[in-house]
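Read through the structure below, which is laid out as structure tokens, and then see the notes.
Numbering (my numbering), first residue to last: 162 to 282.
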């Protein structure tokens with residue numbers, strides 16, 4: 162996240178591109194603990210062979226994320242500056258999509274049903 166303040170200059174000499182890249186790096190850095198937990202829970206659920214649950218929740222989360230993006234692009238975005246639109250997209254991805262996946266994984270591992278053999282679920 163700290164590199165978001167200095168690294169964007171490596172991507173482009175254009176200051177507006179640097180500002181947008183830095184903004185994305187900072188927002189993603191803030192969301193990284195949530196995403197790390199989601200990826201760990203994903204691995205646990207995959208290791209348990211609970212593929213149907215993951216397929217279902219990933220599909221539902223993807224549809225919800227798509228709706229969120231459509232609302233941003235066609236509803237909110239025309240009213241915002243370029244920087245705020247970029248921030249809204251990064252927030253939507255990091256907290257909307259990845260947060261939705263983290264919530265779904267958390268709900269699954271909260272109980273022990275996912276630990277049962279697939280034929281007993």
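Backbone N, C-alpha and C define an ideal beta-carbon position, used for all residues, glycine too.
Assigned exposure category for residue i - 16 Cβ within 10 Å defines buried
i           : result
residue 259 : buried
residue 218 : buried
residue 212 : exposed
residue 242 : exposed
residue 239 : exposed
residue 262 : buried
Identity of the residue in the options nearest residue i by Cα
i           : options               : result
residue 249 : 263, 234, 261 and 262 : 234
residue 222 : 184, 162, 256 and 186 : 256
residue 191 : 215, 202, 162 and 276 : 162
residue 251 : 175, 193 and 189      : 189
residue 215 : 273, 266, 178 and 271 : 266
Which of helix, strand or coil DSSP assigns to residue i
i           : result
residue 220 : helix
residue 213 : helix
residue 256 : helix
residue 166 : helix
Chain-order list of residues whose beta-carbon lies under 8 Å from that of residue i (same chain, five-residue window excluded)
i           : result
residue 180 : 169 and 244
residue 209 : 275 and 276
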